[in-house]
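Inspection log for the structure reproduced underneath, given as structure tokens.
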Amino acid sequence: MAAQDSTAVSRRAFLGGHDPTDVMPWTTSEIMREACTGCGACVEACPEGILHQGRGGHPVLDFSSPCTFCAACAEACPEPVFDLERDPPWTAVAVVASGCLEPQGIACRACEDACDHDALRARPMLGGRAEMRVDADACTGCGGCVPVCPTGAIQIREQEPADA
Numbered sequence: 001m002a003a004q005d006s007t008a009v010s011r012r013a014f015l016g017g018h019d020p021t022d023v024m025p026w027t028t029s030e031i032m033r034e035a036c037t038g039c040g041a042c043v044e045a046c047p048e049g050i051l052h053q054g055r056g057g058h059p060v061l062d063f064s065s066p067c068t069f070c071a072a073c074a075e076a077c078p079e080p081v082f083d084l085e086r087d088p089p090w091t092a093v094a095v096v097a098s099g100c101l102e103p104q105g106i107a108c109r110a111c112e113d114a115c116d117h118d119a120l121r122a123r124p125m126l127g128g129r130a131e132m133r134v135d136a137d138a139c140t141g142c143g144g145c146v147p148v149c150p151t152g153a154i155q156i157r158e159q160e161p162a163d164a
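In my numbering, the protein residues as written are 1 to 164.
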């Protein structure tokens, strides 16, 4: 018998024809679900080739390379999906999961080396191990750290806005 995936997908997400993780710069997942027609203009316009059409035609970032925030996707979109006035373009940041090698005592730090914004830092722990920490203020969510992680322990996730 196959093991069940522990990732819960809501009924709405399953039946609605869109991917459960749909972070995109200059928009929100709610606006994406409501206004995106799945035409693919943003996918074709992406010079990095990191946008793909997901379920229902909505764009999905695969982070095979960093997002340069060139705004080609937003400029190509014929619908009111993107807001280029958003600054920063999104609140997504890198999140390091438990599969990271550093806390296991295996020196890696590939993500730290790949981060152009110095947002990922190894914090030494007892026993010669380290914990990878993300400086959310420095992280742009570009995803440059994602493809270099040998264990796939890094994901880009939307960060909750801080209360003022």
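The beta carbon of each residue, even a glycine, is placed where N, CA and C say it ideally should be.
| query | Between Glu30, Cys149, Val60 and His117, which lies nearest to aspartate 135 when the distance is taken from Cα to Cα? | reply | His117
| arginine 123 - containing alpha helix (DSSP H), residue span | Counting along the chain, arginine 123 falls outside any alpha helix (DSSP H), though it belongs to the beta strand (DSSP E) covering 120-124.
| query | Apart from the five residues just before and just after proline 47, which ones in its own chain have a Cβ nearer than 7 Å to its Cβ? | reply | Cys70 and Ala72
| field | Cβ distance (whole Å) where glycine 38 is taken to contact glycine 56 below 8 Å | value | 6 Å
| Collapsed DSSP secondary structure at threonine 21 in the structure displayed | Only weak support exists for where threonine 21 lies, its pLDDT of 49 falling under 50; the coordinates are left without a value.
| message | If the criterion is Cβ atoms closer than 8 Å, does the pair glycine 141 and alanine 92 meet it? | response | Against a cut-off of 8 Å, the Cβ pair of alanine 92 and glycine 141 comes out as a contact.
| task | Quick one: residues in its chain with C-beta nearer than 7 Å to the C-beta of threonine 21, no 5 flanking neighbours on either side, listed in chain order? | result | Only weak support is given to the placement of threonine 21: the predicted model assigns it a pLDDT of 49, under 50, and the question is left unresolved by the model.
| query | So the beta strand (DSSP E) valine 96 belongs to, where does it begin and stop? | reply | In the DSSP annotation of this structure, the continuous segment of the beta strand (DSSP E) that includes valine 96 starts and ends at 92-96.
| field | First through last residue of the beta strand (DSSP E) which encompasses valine 60 | value | Residues 59-61.
| field | Ranges of the beta strand (DSSP E) found wholly within the region 102-161, counting only runs of at least 3 | value | 120-124, 130-134 and 154-158
| request: Return the CA-CA distance between leucine 120 and methionine 132, expressed in angstroms with no decimal places. | output: 7 Å
| For alanine 35, which of Glu75, Phe82 and Ala45 has the nearest alpha-carbon? | Of Glu75, Phe82 and Ala45, the residue nearest in Cα terms is Phe82.
| message | Going by C-alpha to C-alpha distance, which of His58, Cys149, Glu102 and Ile31 sits closest to alanine 130? | response | Glu102
| message | Can you find the residues in the same chain that come closer than 7 Å, C-beta to C-beta, to methionine 32, ignoring five residues on each side of it along the sequence? | response | Asp22, Met24, His58 and Val81
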